[in-house]
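Working notes, beginning with the structure itself.
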């Protein structure tokens with residue numbers, strides 16, 4: 224191989240200002256001496272070498288000398304950062320030898336069952352950016368047709384081992400997780416201060432929105448800094464018993480972040496992938512007790528109790544094998560929880576509940592109390608069945624609010640802009656009736672069209688929920704945007720479908 | 224939708240000099256007003272609109288105003304050609320709505336069986352460049368786990384209908400096809416003139432190399448122009464009874480070309496995909512009788528007779544359903560056929576066989592006669608069993624050579640450079656012995672390293688075949704290159720593994 228390498232021309236590394244998402248991309252001139260057209264073509268995979276470093280990347284070929292000259296090789300941002308050699312150094316480029324673990328992916332596609340070692344090799348290559356997006360898709364799709372319980376365990380273990388692993392001095396470390404899909408629903412930010420005020424350890428890592436208008440990390444960022452590393456996280460939790468930070472910064476499961484970035488555009492969402500994704504992160508985070516919230520509703524991720532049951536069994540099975548105490552509850556997923564959708568509006572809901580304000584959304588308060596009650600029961604010192612009562616005490620007394628302020632102070636001030644959008648319009652009922660349905664998918668999409676989560680002040684404030692009576696012309700909700708073009712797009716989107724369904728007569732769900 | 228569109232900023236189309244393979248790629252400035260970061264990110268899919276035209280493409284984001292300014296949108300070459308709007312016109316860009324047919328792909332991944340309509344919709348979207356590479360991979364992999372015979376028929380039909388369809392006045396239109404993998408093996412260029420000289424119609428479309436050192440189209444191009452369109456092809460066949468042209472120019476199965484471009488990097492090769500790929504092209508080409516050559520050998524695509532049998536049954540099943548008379552023969556795939564590997568060397572082998580030259584490779588002659596014999600038997604006027612005798616008459620008499628020259632004249636002169644590479648080195652035996660094995664994969668790769676098929680004069684001339692006796696230091700083959708760096712790479716590659724195996728004693732296969 225060294226003879227071959229010495230025959231390859233050296234190319235000077237330069238940075239190219241192309242954002243290529245997560246994938247490593249390099250650019251070579253069509254006139255480059257290193258470009259051997261019989262083995263390279265646009266979008267093929269190449270291997271870059273410099274000293275002992277190697278990088279696998281997707282190739283673009285250019286005819287534009289201003290972008291990349293014949294003696295140069297251009298690296299897009301993620302590739303340059305990962306290769307960790309400065310611009311100006313020399314590297315060779317050769318056709319990439321695909322990672323050996325791809326043979327396991329092909330075996331999986333052929334219908335074979337993979338060994339623990341094979342799965343671990345796939346996840347290792349994947350977490351080190353050696354797979355192209357297409358190869359990642361091949362693994363996901365090959366695994367989507369079937370996955371044995373042994374494979375699921377191996378996948379969860381490999382993903383948990385691929386990144387940072389947190390350890391805590393306390394014997395009981397609790398966590399909660401919702402599988403998502405419900406607008407608003409910012410229960411973690413109420414539950415964490417209640418549980419932490421009680422004295423249990425709850426080091427909550429949360430995600431940013433990928434396809435939704437806000438993740439817990441986006442909403443918490445309205446109140447405090449969330450880009451907190453593992454060491455700093457430990458001192459915050461030591462001081463406050465809890466935190467609400469962005470998990471991406473702690474690098475808990477890099478393989479999962481990569482898999483998700485390919486699952487989403489393909490809308491691949493299998494139960495096994497979901498279980499491995501969630502539980503690997505919780506294992507890496509050092510949790511001992513996990514409460515899982517599975518909302519069920521016509522426009523939620525789970526549309527029936529039977530579906531939720533199958534998923535519950537899978538979570539319990541894997542949790543048990545890893546000694547993680549998993550409790551799964553199903554919740555009402557027919558409509559948004561709370562009145563706000565989008566980071567600023569959701570943060571206001573959370574603070575209203577913690578502050579026991581008169582207008583605070585009752586559904587967010589009740590659901591948060593219920594979840595906190597489950598978590599508090601994990602405290603051996605608490606009398607069985609006393610969890611709900613204790614949670615309500617901590618909330619009503621202001622202890623939870625005080626704990627939240629302590630956590631916010633510990634995480635430090637946020638740097639993002641947090642005003643509510645100043646361009647707003649109301650969406651009104653086209654008829655008299657009773658609200659009978661609210662389309663969660665539709666409202667999520669509308670809030671994104673309005674600019675959330677990038678514009679934290681964009682979003683939706685709901686005036687009506689299921690069971691409420693409305694008169695024709697009465698506002699159903701108000702949409703906030705920060706930008707005239709987003710305003711226009713949101714007006715058009717809401718006019719096309721406002722997401723509400725109505726019934727003629729009260730249907731018994733009236734609040 | 225029109226309200227939404229009118230709210231989107233117009234971007235001026237410009238060409239960007241990026242070769243992105245087959246995939247449509249557009250580039251937008253990060254400072255563009257049209258870039259809505261909450262819905263767009265690098266490598267996400269976007270939809271371009273101008274007048275009534277739309278184009279789905281993968282997005283790159285740039286910070287380099289020289290490449291694409293804030294008011295512009297850059298289109299890479301295939302995207303610009305397909306969008307068919309000139310640079311300078313204005314277009315809007317929006318997040319792409321994935322093609323509806325992707326729902327069928329997801330259903331297939333879930334393990335469902337697809338209807339004819341669903342498969343036809345997938346192939347239609349795919350042939351119109353509406354799928355990303357990742358989405359194509361999803362379809363291929365979803366189909367790789369299982370495909371019912373009904374799905375295979377629907378896929379073959381949809382692929383055959385997606386491009387040009389040729390019709391011929393003659394009742395019998397014959398064709399031959401080899402599944403590939405054997406270096407050299409340029410039988411079509413001997414068979415076509417024999418069969419055409421007899422008077423049967425044999426309009427042969429052939430492929431260019433993708434992963435091999437030469438396709439029949441690459442080798443024929445040494446002798447004549449092969450970029451011939453459908454209409455011109457018809458007049459050549461009317462005059463000569465046959466032709467050997469590049470199928471890609473006739474656009475017989477655009478969906479197949481796209482599927483292959485994704486199968487190769489993933490090394491996905493299922494029997495069903497192979498059958499649909501080959502038979503869809505033959506159906507579109509208007510063949511009535513097809514002879515299929517399946518080479519079997521340790522380094523061939525098929526390594527056992529049992530494997531070849533399964534594939535044969537599948538070809539026969541699908542051929543029968545479409546009224547295509549398919550005959551399948553297995554051939555010796557243990558080693559290269561002919562002495563040359565690479566376009567120029569293979570073309571010399573072909574002309575030596577047609578010219579009955581003393582040094583002509585006997586294996587290429589014999590295999591071609593055998594294949595031609597099968598095809599000639601499709602002539603109702605020929606007495607059963609007389610095919611081989613007739614083929615040999617046509618070859619030995621010089622009638623086949625004369626027919627080949629007529630075909631070459633009709634297709635017109637080639638424009639590619641056709642000298643044999645002037646940098647050569649010999650690879651020598653490291654021991655005395657009998658050649659017992661030749662690694663087809665290894666020699667294919669070595670010939671590509673030497674520069675074939677881009678440099679038509681690069682390649683390998685074999686001096687020894689299986690069963691030949693060699694003394695230590697005697698040359699096994701000579702490698703030709705056109706370029707010093709390719710020479711160095713080929714020397715290193717041959718030194719690492721020359722691809723020959725030896726036995727101590729004659730094993731009975733001696734020639």
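Chains as they are written, first to last, in this note's numbering: chain H, 224 to 734; chain P, 224 to 734.
We put the beta carbon where it would ideally sit given N, CA and C, even for glycine.
Is the Cβ-Cβ distance between residue 582 (chain P) and residue 643 (chain P) less than 8 Å?
-> Counting from one through the second chain, the residue named residue 582 (chain P) turns up at place 359. Counting from one through the second chain, the residue named residue 643 (chain P) turns up at place 420. In this structure, residue 643 (chain P) does not lie closer than 8 Å to residue 582 (chain P) by Cβ.
Segment contact flag, the stretch 407-427 of chain P with the stretch 614-625 of chain P, C-beta cutoff 8 Å, min 3 pairs | yes
Range covered by the alpha helix (DSSP H) that runs through residue 455 (chain H) | Position 232 of the first chain, counted from the first residue, corresponds to residue 455 (chain H). Here the alpha helix (DSSP H) through residue 455 (chain H) covers 453-463.
Examine the Cβ distances between the stretch 684-692 of chain P and the stretch 448-463 of chain P and report whether three or more of them are shorter than 8 Å.
-> Touching, no, given that fewer than three Cβ pairs across the two stretches are closer than 8 Å.
Say whether chain P places a C-beta atom closer than 8 Å to the C-beta of residue 286 (chain H).
-> Locating residue 286 (chain H) in the first chain gives position 63, counting from the first residue. Yes, residue 286 (chain H) counts as interfacial toward chain P.
Over the uninterrupted alpha helix (DSSP H) stretch that includes residue 658 (chain H), give me the two end residues.
-> Against the first chain, residue 658 (chain H) aligns to sequence position 435. That residue, residue 658 (chain H), is in no alpha helix (DSSP H); its beta strand (DSSP E) goes 656-661.
Give a yes or no on whether the minimum CB-CB distance between residue 588 (chain H) and chain P is below 8 Å.
-> For this step, residue 588 (chain H) is matched to residue 365 along the first chain. By this cut-off, residue 588 (chain H) is not an interface position.
Nearest to residue 411 (chain H) (by Cα), restricted to the options H:404, H:639 and H:442 | Walking along the first chain from the start, residue 411 (chain H) turns up at place 188. Selected option, being the one with the closest Cα: H:442.
Going along chain H in order, which residues have a C-beta closer than 7 Å to the C-beta of residue 327 (chain P)?
-> By one-based count along the second chain, residue 327 (chain P) stands at place 104. Taking a Cβ-Cβ threshold of 7 Å, none of the residues of chain H is close to residue 327 (chain P); the smallest such distance is about 13 Å.
In chain H, which residues lie with their C-beta within 9 Å of the C-beta of residue 305 (chain P)?
-> Your numbering for residue 305 (chain P) matches position 82 in the second chain. Per Cβ cutoff of 9 Å: no residues; residue 305 (chain P) is ~15 Å from chain H at best.
On the three-state DSSP scale, how would you describe residue 710 (chain P)?
-> The residue given as residue 710 (chain P) occupies position 487 in the second chain. Residue state, collapsed to three classes: helix.
Exposed unless 16 or more other CB atoms sit within 10 angstroms - verdict on residue 595 (chain H) = Numbered from 1 along the first chain, position 372 holds the residue referred to as residue 595 (chain H). Its Cβ being crowded by 16 or more others within 10 Å, residue 595 (chain H) is buried.
Based on Cα-Cα distance, which residue from P:712, P:655 and P:249 lies nearest to residue 695 (chain P)?
-> By one-based count along the second chain, residue 695 (chain P) stands at place 472. Measuring from the Cα of residue 695 (chain P), the nearest candidate turns out to be P:655.
Any contact of the stretch 510-518 of chain H with the stretch 554-571 of chain H, i.e. 3+ C-beta pairs under 8 Å?
-> yes
Alpha carbon to alpha carbon, how far is residue 402 (chain H) from residue 565 (chain P)?
-> In the first chain, the residue the question calls residue 402 (chain H) occupies position 179. In the second chain, the residue the question calls residue 565 (chain P) occupies position 342. Roughly 57 Å separates the two Cα atoms.
Over what stretch of residues does the beta strand (DSSP E) that includes residue 427 (chain H) continue unbroken?
-> By one-based count along the first chain, residue 427 (chain H) stands at place 204. Counting along the chain, the beta strand (DSSP E) containing residue 427 (chain H) begins and ends at 425-429.
Taking only beta carbons into account, state which residues of the stretch 314-344 of chain H come closer than 7 Å to chain P, listed in chain order.
-> 329, 332 and 334
Hey, does residue 585 (chain P) have any beta-carbon neighbour from chain H nearer than 8 Å?
-> Residue 585 (chain P) sits at position 362 when you count from the first residue of the second chain. Residue 585 (chain P) is outside the set of residues whose beta carbon lies under 8 Å from a beta carbon in chain H.
My understanding is that residue 299 (chain H) touches residue 243 (chain H), with C-beta atoms under 8 Å, so please give their C-beta distance in whole angstroms.
-> The sequence position of residue 299 (chain H) within the first chain is 76, counting from 1. The sequence position of residue 243 (chain H) within the first chain is 20, counting from 1. 5 Å between Cβ atoms; contact.
Would DSSP call residue 404 (chain P) helix, strand or coil?
-> Here residue 404 (chain P) corresponds to residue number 181 of the second chain, with the count starting at 1. In this structure, residue 404 (chain P) counts as coil in the three-state DSSP scheme.
Under 7 Å between beta-carbons, which chain P residues line up against residue 364 (chain H)? List them in chain order, please.
-> Here residue 364 (chain H) refers to the residue found at position 141 of the first chain. Neighbours of residue 364 (chain H) on chain P, chain order: 332, 361, 364 and 365.
Does the beta carbon of residue 357 (chain H) sit closer than 8 Å to a beta carbon anywhere in chain C?
-> Of the chains in the structure shown, none is chain C; the protein chains are H and P.
Does any C-beta atom of chain H lie closer than 8 Å to the C-beta of residue 431 (chain P)?
-> Translated into the one-based positions of the second chain, residue 431 (chain P) becomes position 208. By this cut-off, residue 431 (chain P) is not an interface position.
For residue 369 (chain P), which residues does DSSP report across the bridge?
-> Mapped onto the second chain, residue 369 (chain P) falls at position 146. Looking at the DSSP assignment, residue 369 (chain P) forms no beta bridge with any residue, so it has no partner.
Unbroken stretches of the alpha helix (DSSP H), 4 residues or longer, contained in the stretch 548-588 of chain P = 566-577
Have a look at the DSSP bridge pairing and note the partners of residue 469 (chain P).
-> Counting from 1 along the second chain, the entry for residue 469 (chain P) is found at position 246. Per DSSP, P:429.
From P:720, P:455, P:489 and P:475, residue whose alpha carbon lies closest to that of residue 466 (chain P) = Counting from one through the second chain, the residue named residue 466 (chain P) turns up at place 243. Ranking the options by Cα distance to residue 466 (chain P), first place goes to P:455.
Validate contact between the stretch 274-283 of chain H and the stretch 369-389 of chain H using beta carbons, cut 8 Å, 3 pairs | no
Would you kindly check if the distance between the Cβ of residue 296 (chain P) and the Cβ of residue 251 (chain P) is under 8 Å?
-> Taking the second chain and counting its residues from 1, the one referred to as residue 251 (chain P) is at position 28. Taking the second chain and counting its residues from 1, the one referred to as residue 296 (chain P) is at position 73. The answer is yes: Cβ separation under 8 Å.
What is the rounded straight-line gap between the Cα of residue 227 (chain P) and the Cα of residue 716 (chain H)?
-> Taking the second chain and counting its residues from 1, the one referred to as residue 227 (chain P) is at position 4. Taking the first chain and counting its residues from 1, the one referred to as residue 716 (chain H) is at position 493. The pLDDT assigned to residue 227 (chain P) is 47, lower than 50, so where the model puts this residue is not dependable; a value taken from the coordinates is nonetheless given after this. Approximately 8 Å between the Cα atoms of the pair.
Between residue 310 (chain P) and the rest of its own chain, which residues show a CB-CB distance below 6 Å, the 5 nearest in sequence each way excluded?
-> Working through the second chain from its first residue, we reach residue 310 (chain P) at position 87. Cβ neighbours of residue 310 (chain P) beyond the five flanking positions: 236, 237 and 238.
Where the beta strand (DSSP E) containing residue 648 (chain P) begins and where it ends = Numbered from its first residue, the second chain carries residue 648 (chain P) at position 425. Looking at the DSSP string, the run of the beta strand (DSSP E) that includes residue 648 (chain P) is 646-651.
Taking residue 500 (chain P) and residue 525 (chain P) to be in contact with their CB atoms under 8 Å, please state how far apart those CB atoms are, rounded to whole angstroms.
-> In the second chain, counting from the first residue as 1, residue 500 (chain P) sits at position 277. In the second chain, counting from the first residue as 1, residue 525 (chain P) sits at position 302. Not quite, the Cβ-Cβ distance comes to about 16 Å (not below 8 Å), so this is no contact.
Where residue 726 (chain H) sits in the DSSP three-state scheme | Along the first chain, read from residue 1 onward, the residue named residue 726 (chain H) stands at position 503. DSSP places residue 726 (chain H) in strand when its eight states are reduced to three.
Just curious, the alpha helix (DSSP H) that residue 439 (chain P) is in, first and last residue?
-> Along the second chain, read from residue 1 onward, the residue named residue 439 (chain P) stands at position 216. Here the alpha helix (DSSP H) through residue 439 (chain P) covers 439-443.
Relative to chain H, which residues along the stretch 461-491 of chain P have a C-beta separation below 8 Å, given in chain order?
-> 485, 488, 489, 490 and 491
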